[in-house]
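S.K.: Per the numbering used here, the very first residue in the sequence shown carries number 2; after that it's consecutive.
All C-beta atoms in this analysis are idealised placements derived from N, C-alpha and C, irrespective of residue type, glycine included.
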Amino acid sequence: MTLHAASREALDLAETRLGEVLADAGSDPATVGDELLSVVDLLDREIGLRRAVSDASASPESRQGLVRRLFDGKLSEPALKVLDAVAGSRWSSPRELVDGIESLGRSALLTSAEKTGNVETVESQLFQVSRIVAGSPELEAALSDLAGPADAKRTLVRGLFADKVDVVVETLVEQVVRRAKGRGVGVGLDKLVALAAQRRQRSVAYVTSANALTDEQQAQLGSKLNGIYGRPLALHVEVDPRLGGGLVVRVGDEVIDGSTAGQLAAVRRRLSRA
Numbered sequence: 002m003t004l005h006a007a008s009r010e011a012l013d014l015a016e017t018r019l020g021e022v023l024a025d026a027g028s029d030p031a032t033v034g035d036e037l038l039s040v041v042d043l044l045d046r047e048i049g050l051r052r053a054v055s056d057a058s059a060s061p062e063s064r065q066g067l068v069r070r071l072f073d074g075k076l077s078e079p080a081l082k083v084l085d086a087v088a089g090s091r092w093s094s095p096r097e098l099v100d101g102i103e104s105l106g107r108s109a110l111l112t113s114a115e116k117t118g119n120v121e122t123v124e125s126q127l128f129q130v131s132r133i134v135a136g137s138p139e140l141e142a143a144l145s146d147l148a149g150p151a152d153a154k155r156t157l158v159r160g161l162f163a164d165k166v167d168v169v170v171e172t173l174v175e176q177v178v179r180r181a182k183g184r185g186v187g188v189g190l191d192k193l194v195a196l197a198a199q200r201r202q203r204s205v206a207y208v209t210s211a212n213a214l215t216d217e218q219q220a221q222l223g224s225k226l227n228g229i230y231g232r233p234l235a236l237h238v239e240v241d242p243r244l245g246g247g248l249v250v251r252v253g254d255e256v257i258d259g260s261t262a263g264q265l266a267a268v269r270r271r272l273s274r275a
């Protein structure tokens, strides 16, 4: 998510408010997250409303009053307090305001996973979902299709993953599918994995191995990578026999290719330049 300066400041303020709201023993982070994402869906559909809520020519109190009139009695008070903070700030564009609310909704859902001790499970399941989607071009195309009805995509996601993943995972995946906007669902799922890893103060290392790694091998690899990068990494491993041997590690934009296939490709490149 790319935000301009005003929107970044507005999101920082809203995130602070969200933290205060969720720290209250009476608030339910999962409910707040679900409600904020429902507002995202509404604003995505209603261009006029999106513009009104972010209208810089209107006073903050006017925008906050509009939000209260729209959602009072329909959303919980904790969610309304967060939306008060959103509407009371200046955003660079209506679209960035909606993206900001989406970020807040995701944060609330991940907070619910933290409070129940499920954040590691949520991270692992998000990675598994991302690999299932990446492994099926037809599925990724169907979920990323801009012309595809949102309800049909939601039904497809639920048919694939309902009762198989944590409810937080299902909600987050559905949201990514609904808002893919041509970027591809795979990109959105990778971002969710990274967000969940951040909750454990970790970056993500994507490891592709020619053979399945034992728990001991994964622990050794994780220790070496932590030393290389100077910070704890969350390892997500998938197996691809096409590598022939060895493994490939991706951390952010950096790729370490120690696979047989990668070495052969390097040899071919050197020979072609000879």
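By DSSP, does Val205 sit in helix, in strand, or in coil?
M.R.: Strand.
S.K.: Which same chain residues, not among the five before or five after Glu36, have their C-beta less than 7 angstroms away from its C-beta?
M.R.: Leu76, Ser77 and Ala80
S.K.: Can you give me the Cβ contacts of Val170 inside the same chain, cut-off strictly under 8 angstroms, excluding the 5 residues immediately before and after it?
M.R.: Val123, Gln126, Leu127, Val130 and Phe162
S.K.: Any chance the segment 53-71 sits against the segment 94-113, with 3 or more Cβ pairs inside 8 angstroms?
M.R.: yes
S.K.: For Ser90, does the count of other Cβ atoms within 10 angstroms reach 16, so buried, or fall short, so exposed?
M.R.: It is buried - the Cβ of Ser90 has at least 16 other Cβ atoms within 10 Å.
S.K.: Go ahead and label Val87 buried or exposed: buried means 16 or more other beta carbons lie within 10 angstroms of its beta carbon, across all protein chains shown.
M.R.: Buried: at least 16 other Cβ atoms inside 10 Å.
S.K.: From which residue to which residue does the beta strand (DSSP E) around Leu236 run?
M.R.: Leu234 to Val240
S.K.: In chain order, which beta strand (DSSP E) runs of at least 3 residues are fully inside the segment 137-203?
M.R.: none
S.K.: Please classify Glu255: does DSSP put it in a helix, a strand, or coil?
M.R.: strand
S.K.: DSSP state of Leu4, grouped into three classes?
M.R.: coil
S.K.: Along the chain, where does the alpha helix (DSSP H) containing Arg107 start, and where does it finish?
M.R.: Pro95 to Lys116
S.K.: For Gly189, which residues in the same chain have their Cβ closer than 7 angstroms to its Cβ, ignoring the five residues on either side in sequence?
M.R.: Val177 and Ala181
S.K.: Span of the alpha helix (DSSP H) holding Gly66?
M.R.: Pro61 to Phe72
S.K.: Starting from Val249, follow its DSSP beta bridges and name the residues at the other end.
M.R.: Looking at the DSSP assignment, Val249 forms a beta bridge with Thr209 and Asp258.
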